[in-house]
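S.K.: There's a structure below that I have some questions on.
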Amino acid sequence: MLKAEQLVKRFEDTVAVNRLDLEVKAGEIYCLLGPNGAGKTTTVHLFMGFLKPDSGTVKVGGIDVFENQLEARRRLSYIPEQLALYPNLTGHENLEFFSSLGSDPQGKKALELLLKEAGLQESAIHRKVSGYSKGMRQKVGIAIALAKNSKALILDEPTSGLDPEASNEFARLLTGLSKKGVAILMTTHDLFRARETGTRIGIMREGVLKREFKAEDVKHEELENVYLNQMRLSE
Amino acid sequence: MIIYSIIRNELTQQIRDKVIVSLGLLILLLLTVSVVSGINYYSEMADQHHQAEELARVQWENQGAKNPHSAAHYGTFAFKPVTAMSVFDPGVDRYTGVSIFLEGHRQNFAAYSLAEDKEASRRFAELTPAFIFAYLFPLFIILAGYRSVVGEKENGMYRYLKSQGVSTGQLIAGKTMGLWAVILLIYLPFLLIGCLFLLLTDSLGSNLTGFSLMVAVWLVYFGVIAHITIIVSTLAKSSGSSMVILLSVWIISTLLVPRLITNIASGIYPVPDTTQFYQAVRTDLLEGIDGHNPYSEHSVAFRDSVLTAHGVDDVADLPFNFRGMMLQEGEEFEKRIYDHHFAKIDEIHRSQIRLFSFSSILSPSIAARMTSMAAAGTDMHSFNHFSRKAEAYRIELMRELNLDLKIHAVGERAAGYAVGGEFFAQNLSFTYERPDQVFIDSSKIPPLIILLFWFGASAGILSVVARKEEVL
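Protein sequence lines, in the order shown, are assigned to chains A and B.
Mapping the first sequence onto my numbering, position 201 (from 1) lands on 201, and the numbers just tick up by one.
Mapping the second sequence onto my numbering, position 97 (from 1) lands on 332, and the numbers just tick up by one.
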């Protein structure tokens, strides 16, 4: 569903992503770990088409992101670290707006159900987003992804700043989505959450995918050692 | 559908923004106050005009028995009617004067400009819809739109919207039309109030073209400002710089350029003062017939030619009153001299207006203001039209008086010849019919075309910017 082949992105003299090959299949949750500056966010931005690669290809559902950007984006949902929502609108109104941008806008009741499905408290649904916590905003983001009914979801450090309970709830939502066949690519620093939630885990350093694991095959200590080792090497 | 959603969202955002709502309500309040005070002012002026016109006619008819030429020196007035459209845009009306004194031998400038009136209520009337549209409304548009696109970039929404499959073109189109919708929310009530006023004063029919043009002109102008606002908001690095750039554009366009062009225009094409003007007229008048001086070289030559033509030796033997004939001859000569000098002033005004028209390429505000005044029938061209009609009336009235003298003051009746109220009541009276205010003069076309050019160019640049932004 999400596929990068020999992907390269340079910023002047720095190679941010270096010949990256990465594939996330339907129903998989791929957690991309790595120290700051490893190239995780650049990879996400390349998948979203926010950046143009120097070489290589990025495809979403078989559609080249740079040949048919709008079509690729329509098949893809994205939740950034700081989800931008309109503070003057309620959670429901935000969802209604974003849903109306898609090809299949849904009715008010259906949208309410999606917000509930995403875990937003009923009392918050019709409250202005300016009073939301980050966790609540992320839930609206999930609801937007659900409304879009896309087959792939990309998340850029979605759990940073969430308390353990909210983080746990968020992980459950992602697992639910993957079970529906959604391919999920998520960047994170949270080793524990990556191992608990992810299907596969990749560790990036200096733009290169250094190691890849199946989450079920790796123990937490081993993952931590590899990760810390990569951190040290990057210092 | 996407663009419609963005427009709706933009409108909702603006309506929920307390600052924008407060400013919008303030603009609406000012517009209402300006229209109401304009209506009061218009009613008062229309009454005064009516009374003054009636009084002048009564005075003319009741000036007592006298020689027709004495009546020419007694004189009368032509009053420029105030138009209902001046409620929206009084233009140059308050600076040009409201009446012209009409007398024998002399063309006068209009007098009693409203700007000379020092009453506070008069000064308050300067808060007109046209002033609000030209100066304050652009500020409102800027404040409503300066964050429109750059704000979305700053808070991450721009990328998020793109991730939802929204193209930059759709976003910019939606933002622009959303800003248009906000503008219309405030502009439409004014439109309704304006129509209602024209309906109540029974002048909608006669002003339909002018009012429609004025409404369209300001709307196009707001469109230009909205386009510029969105262009700057798209290209600016931050909301702060967007605001600074747009305020600079506003200052330059609405305050600096018009003031600069006014100074340049009066520097390049200076209008002579009244003393200089009448001095030049007096010098030229010495070259012709003076109706009051039968011994001047020109008068003697004219008398001799008339005597020769009629085969007599003395003016007393002529079958008509020679003085009446000579006064009319002098009047026609003086008219040619005055016309020549007034034409020079007209040409200076025309040159200034031409410079102003073309300078609107630097400022859409100038184009909008000039076209609005033209639509209201309160521009310089409209005033000149009135002056020409008043002068034509003066000449006809003088001809009527001189002709009576020429025909009837003959023989024994010549000495002490006088006419009375019956005669004066039959004299022509001045009635001024305003022409179709929109198409008086082709010189009104350039500012309108330039304003449309601004609209087209700003829309074009906006679409280029949108395409450029689409490319990463």
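For each residue, glycine too, the CB sits at the ideal point set by N, CA and C.
Given this structure, state the Cα-to-Cα distance separating W453/B from K703/B, to the nearest angstrom.
M.R.: In a straight line, the C-alpha of W453/B is about 29 Å away from that of K703/B.
S.K.: Could you please tell me which residues of the stretch 48 to 65 of chain A, in chain order, have their CB closer than 9 Å to any CB of chain B?
M.R.: Residues M48, G49, F50, L51, K52.
S.K.: Under 8 Å: do the stretch 129 to 149 of chain A and the stretch 69 to 86 of chain A share three or more Cβ pairs, one atom per stretch?
M.R.: Judged by Cβ distances under 8 Å, the stretch 129 to 149 of chain A makes contact with the stretch 69 to 86 of chain A, as three or more pairs qualify.
S.K.: Using alpha carbons as the reference points, say which of G429/B, A345/B, H643/B, Q514/B lies closest to I274/B.
M.R.: The residue with the shortest Cα to Cα distance from I274/B is G429/B.
S.K.: Anyone know if the C-beta pair for L258/B and A379/B falls short of 9 Å?
M.R.: Taking 9 Å as the Cβ cut-off, L258/B and A379/B qualify as a contacting pair.
S.K.: In angstroms with no decimal places, state the Cα-to-Cα distance between Q82/A and K388/B.
M.R.: Cα-Cα distance, rounded: 13 Å.
S.K.: Indicate the three-state DSSP secondary structure (helix, strand or coil) for R669/B in the structure shown.
M.R.: R669/B: coil per DSSP, three-state reduction.
S.K.: Quick one: what's S55/A bridged to in DSSP?
M.R.: Paired residues: V8/A.
S.K.: Would a C-beta distance cut-off of 9 Å place L246/B and V417/B closer than the cut-off?
M.R.: Yes, the Cβ-Cβ distance between L246/B and V417/B is below 9 Å.
S.K.: Taking the continuous alpha helix (DSSP H) assigned at R243/B, which residues delimit it?
M.R.: Segment 237 to 251, the alpha helix (DSSP H) holding R243/B.
S.K.: Taking I154/A as the reference, give the member of T14/A, Q6/A, R10/A, F50/A with the closest Cα.
M.R.: Closest option to I154/A, Cα to Cα, is F50/A.
S.K.: Taking the continuous alpha helix (DSSP H) assigned at S441/B, which residues delimit it?
M.R.: Residues 439 to 470.
S.K.: For G135/A and E23/A, what's the separation of their Cα atoms in angstroms?
M.R.: When rounded, the distance between both Cα atoms is 28 Å.
S.K.: Please report how far the alpha carbon of K570/B lies from the alpha carbon of R634/B, in whole angstroms.
M.R.: Roughly 12 Å separates the two Cα atoms.
S.K.: Who are the Cβ neighbours of N556/B in its own chain at under 7 Å, not counting the five residues just before and after it?
M.R.: These residues qualify, in order along the chain: L640, K641, A644, V645, A649.
S.K.: Along the chain, where does the alpha helix (DSSP H) containing R589/B start, and where does it finish?
M.R.: Its alpha helix (DSSP H) spans residues 557 to 594.
S.K.: Using only the alpha-carbon positions, how far apart do L362/B and S99/A sit?
M.R.: Rounded to whole angstroms, L362/B to S99/A spans 46 Å at the Cα level.
S.K.: With a cut-off of 8 Å on the beta carbons, I'd call A118/A and L173/A a contact; round off their distance for me.
M.R.: Rounded, the Cβ-Cβ distance is 6 Å, consistent with contact.
S.K.: Cα separation between V333/B and R538/B?
M.R.: Going from the Cα of V333/B to the Cα of R538/B covers about 40 Å.
S.K.: If you compare alpha carbons, which of S607/B, I588/B, Q298/B is closest to V506/B?
M.R.: Closest by alpha carbon: I588/B.
S.K.: Which one of D190/A, S150/A, T175/A, K151/A has the shortest CA to CA distance from G161/A?
M.R.: If we check each option's Cα against that of G161/A, D190/A comes out closest.
S.K.: Could you please give the first and the last residue of the uninterrupted beta strand (DSSP E) stretch that includes Y393/B?
M.R.: Note, Y393/B: premise wrong, no beta strand (DSSP E); alpha helix (DSSP H) at 392 to 398.
S.K.: Check whether the Cβ of I237/B lies closer than 9 Å to any Cβ atom in chain A.
M.R.: Yes - at least one Cβ of chain A is within 9 Å of the one on I237/B.
S.K.: Mind checking G546/B: buried by the 16 CB within 10 Å criterion, or exposed?
M.R.: It counts as exposed.
S.K.: What are the start and end residues of each continuous beta strand (DSSP E) run of 3 or more residues lying completely inside the stretch 15 to 91 of chain A, in chain order?
M.R.: The qualifying runs are 29 to 33, 55 to 60, 76 to 79.
S.K.: For the beta strand (DSSP E) containing E212/A, list its first residue and its last residue.
M.R.: Unbroken beta strand (DSSP E) run through E212/A: 208 to 214.
S.K.: Quick check on DSSP: helix, strand or coil for A360/B?
M.R.: Bear in mind that a pLDDT of 45 at A360/B, under 50, signals an unreliable position, so the model cannot answer this.
S.K.: Would you verify that the beta carbon of E157/A is, or is not, closer than 9 Å to some beta carbon of chain B?
M.R.: Chain B, which has no Cβ nearer than 9 Å to the Cβ of E157/A, makes this no.
S.K.: As a quick exercise: from F375/B, S402/B, M561/B, A500/B, pick the residue whose alpha carbon is nearest that of V256/B.
M.R.: Taking only the C-alpha atoms, the option nearest V256/B is F375/B.
S.K.: Output, in chain order, the set of chain B residues within a Cβ distance shorter than 9 Å of Q82/A.
M.R.: Simply N390, G391.
S.K.: Run the CB neighbour count on L433/B, radius 10 Å, all protein chains shown included, and call it buried at 16 or more, exposed below.
M.R.: Buried, because 16 or more other Cβ atoms sit within 10 Å of the Cβ of L433/B.
S.K.: DSSP on V182/A, reduced to helix/strand/coil?
M.R.: Coil at V182/A, not helix or strand.
S.K.: Should L419/B be listed as close to the ligand MG, given that the test is whether its C-beta is under 8 Å from any heavy atom?
M.R.: The ligand MG is absent from the structure shown, which contains no ligand whatsoever.
S.K.: Provide the residue(s) that pair with L337/B in DSSP beta bridges, ordered along the chain.
M.R.: In the DSSP output, where bridge partners are listed per residue, L337/B has T311/B.
S.K.: Straight-line CA distance for I203/A to Q399/B?
M.R.: I203/A and Q399/B: Cα-Cα distance of roughly 28 Å.
S.K.: Under the three-state reduction of DSSP, which class applies to I125/A: helix, strand or coil?
M.R.: Of the three classes helix, strand and coil, the one that applies to I125/A here is coil, per DSSP.
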